[in-house]
Amino acid sequence: MDLHRCRFVDYTPHTITSLAFSRPSSPEKLASADFRLAVGRSNGDIEIWNPRHNWIHELTLAGAKGRSIEGLVWSSSISDNEPSRLFSIGGSTYITEWDLKTGRPLVNYDCNAGTIWSIDVNSRGDKLAVGCDDGSVVVVDISGGSGSLEYDIICQRQDARVLSLKWNGEEQIVGGCADGRIRVWSYGDNTKGRILSTMRVDKSKTESTLVWTLEVLPAKNQLVSGDSTGHVKIWDLKYFSLMQSFKIHDADVLSIVRDAKEERFFSAGIDRKIHQYDLLHTKSSTKWVHSFNRLLHSNDIRAMAVTESKSFKVLVSGGVERAITIQPIDNFQDSKYKKLLVNQQISNVLVVPEQKLVILWQDQVVKIWKGLSNGKHKLISKLTLSDDENITSVDFKNKLLAVAKMTSVKIYELDEVDPENDKYMINKIRDENFDSMISGSKKVKFISDSKLLILTPDEELYQFSIDAENSQISLDDQIELIEHNASSSISYNDNVKTLTLTPNHKNIVISRFNGSIEVYPLGEDGFTLTKLSNSSSQPHLLAFRNDNELLVLTNDNKILEFNLFNQDQLLTAWSKRNSEFLPRQFTSLDDKPEGMFVKKERLWVYGTSWICYFDLTKNIPINKVYKNISTGKKRRRDGLSLDDDVDVNGDVIQLESSLKQSELDKLKRKIKEDEDGNDGEVQDDGEDEDIQERDSKAFSLTEKYRPIMKVADFGPNELLVVERPYFALPTTPAFNLPKLRV
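Set out below in structure tokens:
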């Protein structure tokens with residue numbers, strides 16, 4: 001098989017500008033079922049990540065050009081049943097509340113003050129405070145529930161920009177300003193809105209000092225500040241006086257976060273290092289000491305967030321390097337860490353093997369490359385949309401290109417003008433009726449050369465016919481999806497996660513975040529609706545072996561194969577024999593699988609740093625070399641992923657093996673009898689190795705290619721691997737740390 005390595009796809013992730021966890025830390029409790037991380041990017045996108053099962057990228061809330069996310073907060077009620085609400089700010093006078101179910105802004109609230117620079121939510125989760133460009137601090141009441149933002153007060157104005165903001169209990173708001181001062185506003189009854197005190201940080205002689213970040217320790221009534229001179233200072237909020245000062249950073253301190261017990265905090269900024277400080281108890285007093293630092297980032301650190309639950313205590317950081325970096329806060333100085341950089345769980349690359357096309361979309365641009373017969377490639381088309389919104393989905397079939405955004409769907413025709421020189425022209429198919437009918441889409445998928453499926457933000461699925469010659473796009477049908485009314489603290493729990501078609505294009509198969517897989521017929525000759533499974537472990541990826549058999553990779557790296565239209569025999573023979581005995585090499589992979597597909601009876605699965613295949617015509621050997629006879633689920637011990645096994649309903653699943661050792665031995669003997677025709681005795685290691693040698697092609701894994709964005713079928717005997725080397729990513733100059741020469 002020919003394998004093409006392709007490195008010309010110039011995808012570049014965006015700078016991380018803000019990070020926020022959906023629930024406050026509670027070290028005694030297990031994390032709630034709706035526990036998520038929101039990641040704000042400089043292109044206006046907000047990513048929602050689930051820390052379970054090795055970090056799952058669940059959603060991307062599409063932003064728009066010039067609307068960087070400069071601050072994110074979640075407001076969560078005391079009860080775990082109410083979904084947390086997500087708010088963002090970014091270079092405007094508006095606070096945006098997001099609807100995670102539709103992926104659209106729920107409300108844009110104008111604060112009627114200057115451009116907003118900072119935002120914080122109080123501990124009760126019913127008030128937002130924002131710091132503005134004109135020196136004012138605006139308090140907004142959000143106690144009315146989802147979508148409700150009401151003006152409360154504007155605090156006493158001063159002249160400097162409010163760059164950072166924190167609530168101190170319910171009585172005070174502390175702001176770090178652009179004139180080197182920290183101001184404390186009262187939110188108490190008698191002095192509401194007034195400035196109580198002003199504290200000064202050390203001023204730079206050459207430029208104005210900016211107080212970039214604040215962190216309040218409410219139980220100790222202390223404040224930690226970080227500024228543009230590189231100082232980290234601890235203040236007493238009772239007497240508004242300086243207690244301690246550290247000059248450890250070589251440049252601006254941009255982010256400070258603390259743990260739940262208020263006994264350690266972390267600072268980071270432009271000099272790329274994260275520093276840890278601990279509270280030291282002596283006989284007469286307590287004081288803060290600088291403990292450790294780590295250099296894990298290659299550029300400025302813009303944001304950090306800490307979360308603590310019973311089994312999961314991590315510090316997450318990100319910035320100009322674009323990677324989400326995760327590390328445990330216990331043994332911070334030398335613990336294992338994880339980076340999510342080119343992590344394409346939601347892919348923005350499309351491969352069209354029939355025409356040898358590779359398509360990339362990002363922000364408002366679609367690029368189409370063609371693989372030429374001489375082994376080279378050529379950029380045949382670049383489409384830049386005039387609207388500001390970011391693209392959510394793209395699909396291509398024959399000559400038609402569908403481009404979806406949250407506000408519109410556009411259809412284009414790719415015409416070959418000069419075949420010899422590979423010259424193409426893109427023409428838009430204009431149909432005003434269609435534009436008024438569809439107001440946006442999360443996913444688009446071609447059924448055939450002229451039929452298109454559109455999934456709207458409101459989770460409605462429509463089928464359209466496209467007549468390119470007459471520029472007409474007409475509605476064929478609305479596909480009625482099953483209603484799910486299960487109450488959940490995750491607002492998008494019933495949303496469609498993946499949408500795919502059977503190879504004969506007669507049925508649609510969708511999986512949802514709640515774990516269900518559903519099959520819908522297309523046209524009148526199709527089968528009736530089937531609901532396949534509602535497994536406690538949710539489906540992560542889907543792939544078809546043929547029109548009747550569906551392979552499902554679950555979030556915990558288990559592969560199941562279902563008979564689509566045989567409810568009596570739901571699992572296929574291959575799945576019954578092999579699903580329990582996947583090689584440990586595969587089930588314990590560090591990188592989350594990004595995609596899978598079937599080609600010539602081989603199931604290909606790939607992640608950022610690995611590609612593997614399973615031969616579906618062979619059984620996976622059960623032996624010690626494969627290490628796939630384990631008597632229990634192996635819990636991850638690195639602490640980088642949330643694996644306390646809380647299922648969708650919030651119940652804790654006991655880590656018990658589905659098969660006892662005696663049953664495993666019995667099954668193993670039976671399989672040996674079936675496969676080898678021997679007397680059923682368990683064989684020793686030597687014979688096990690022979691079996692592995694003979695059946696070595698049943699499973700194969702390589703880590704030769706990295707970082708991988710996409711692996712796809714590229715023709716009868718061809719595979720395409722799209723790589724994006726880290727060194728090829730454009731970057732800005734990083735802070736130059738002094739080098740030690742030994």
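Going by the UniProt record's numbering, the first residue of the sequence shown is number 1, and it counts up by one from there. Ideal Cβ placement from N, Cα and C applies to all residues, glycine included. In this text, all values refer to a predicted model and were calculated from it rather than measured experimentally.
Supposed close pair residue i, residue j - CB separation, criterion 8 Å
| i | j | result |
| --- | --- | --- |
| Ala129 | Ile89 | Contact doesn't hold; Cβ gap of about 11 Å is too wide. |
| Lys380 | Asp422 | As written in the sequence, residue 380 is Ile, which differs from the Lys given in the question. Indeed they touch by this definition, with Cβ atoms about 6 Å apart. |
| Ala178 | Leu210 | 5 Å |
| Ser118 | Ser164 | 5 Å |
| Lys531 | Ser516 | 6 Å |
| Tyr492 | Leu61 | Contact doesn't hold; Cβ gap of about 10 Å is too wide. |
| Arg724 | Val9 | 7 Å |
| Leu701 | Phe597 | In fact, because the Cβ distance is near 16 Å, the residues do not count as touching under 8 Å. |
| Phe544 | Thr502 | 6 Å |
| Lys356 | Lys370 | 6 Å |
| Asp431 | Ser471 | 6 Å |
| Glu594 | Gln345 | 6 Å |
Proximity of residue i and residue j at Cβ, strictly below 8 Å
| i | j | result |
| --- | --- | --- |
| Thr307 | Phe87 | no |
| Ser267 | Val253 | yes |
| Leu550 | Leu564 | yes |
| Ser588 | Lys558 | no |
| Ser309 | Ala31 | yes |
| Ala323 | Val316 | no |
| Ser641 | Ile708 | no |
| Gln362 | Asn348 | yes |
| Thr12 | Arg41 | no |
| Asp615 | Lys697 | yes |
| Asp141 | Asp126 | yes |
| Val107 | Cys132 | no |
| Gly318 | Val73 | no |
| Trp98 | Ile56 | no |
| Phe265 | Val257 | yes |
| Thr325 | His281 | no |
| Phe735 | Ala113 | no |
| Glu518 | Ile482 | yes |
| Leu149 | Tyr187 | no |
| Asp202 | His249 | no |
| Asn50 | Arg36 | yes |
Own chain partners of residue i with C-beta closer than 7 Å, once the 5 adjacent residues on each side are dropped
| i | result |
| --- | --- |
| Pro738 | none |
| Val351 | Val358, Lys710, Ala712, Phe714 and Leu720 |
| Ala219 | Glu262 |
| Pro716 | none |
| Phe292 | Gln276, Phe332 and Gln333 |
| Asp695 | Because Asp695 sits at a pLDDT of 41, beneath the cut-off of 50, its placement in the model cannot be relied upon, and the following sentence gives the value as read from the coordinates. Within the same chain, Asp695 has close Cβ partners Lys618 and Pro621. |
| Asn548 | Asn563, Leu564 and Phe565 |
Bridge partner(s) assigned by DSSP for residue i
| i | result |
| --- | --- |
| Gln244 | Ile234 |
| Lys531 | Glu518 |
| Ser267 | Ile256 and His275 |
| Arg294 | Ile274 |
| Arg183 | Gly175 and Thr198 |
| Gly226 | Thr213 and Val232 |
| Lys338 | Ile326 |
| Phe699 | Phe614 |
| Pro539 | Thr554 |
| Ala712 | Leu720 |
| Gln362 | Val365 |
| Leu729 | DSSP lists no partner for Leu729. |
| Val352 | Leu357 |
| Gly371 | His377 |
| Asp547 | None; Asp547 has no bridge partner. |
Same chain only: Cβ atoms within 6 Å of residue i, ignoring 5 sequence neighbours per side
| i | result |
| --- | --- |
| Thr198 | Arg181 and Arg183 |
| Pro83 | Ser489 and Ser491 |
| Glu693 | Low confidence applies here, because Glu693 scores a pLDDT of 40, under 50, leaving its location unreliable; read the following figure in that light. Here the set comprises nothing. |
| Gln156 | Gly193, Arg194 and Ile195 |
| Lys428 | Tyr412 |
| Gln683 | For Gln683, the predicted structure reports a pLDDT of 31, less than 50, and the residue's modelled location is therefore unreliable. The matter cannot be settled from this model. |
Sequence-distant residues of the same chain with beta carbon closer than 8 Å to residue i, five excluded per side
| i | result |
| --- | --- |
| Ser575 | Ile559, Leu560, Glu561 and Phe562 |
| Asn26 | Rather than Asn, the amino acid found at residue 26 in this sequence is Ser. If we look at Ser26 and ignore the five residues flanking it on each side, its Cβ neighbours are Ala260, Glu308 and Ser309. |
Subject >> Segments of 3+ residues assigned as beta strand (DSSP E) that fall wholly inside the stretch 406-465 >> reply: 409-418, 423-428, 443-446 and 451-455
Subject >> Every unbroken beta strand (DSSP E) inside the stretch 568-620 [3 residues or more] >> reply: 595-599, 602-606 and 611-615
Subject >> Sequence ranges, alpha helix (DSSP H) only - wholly within the stretch 2-53, length at least 4 >> reply: none
**OP:** Go through the stretch 95-171 residue by residue and report every complete run of the beta strand (DSSP E) that reaches 3 residues or more, in order.
**Re:** 104-110, 116-121, 127-132, 137-141, 150-154 and 162-168
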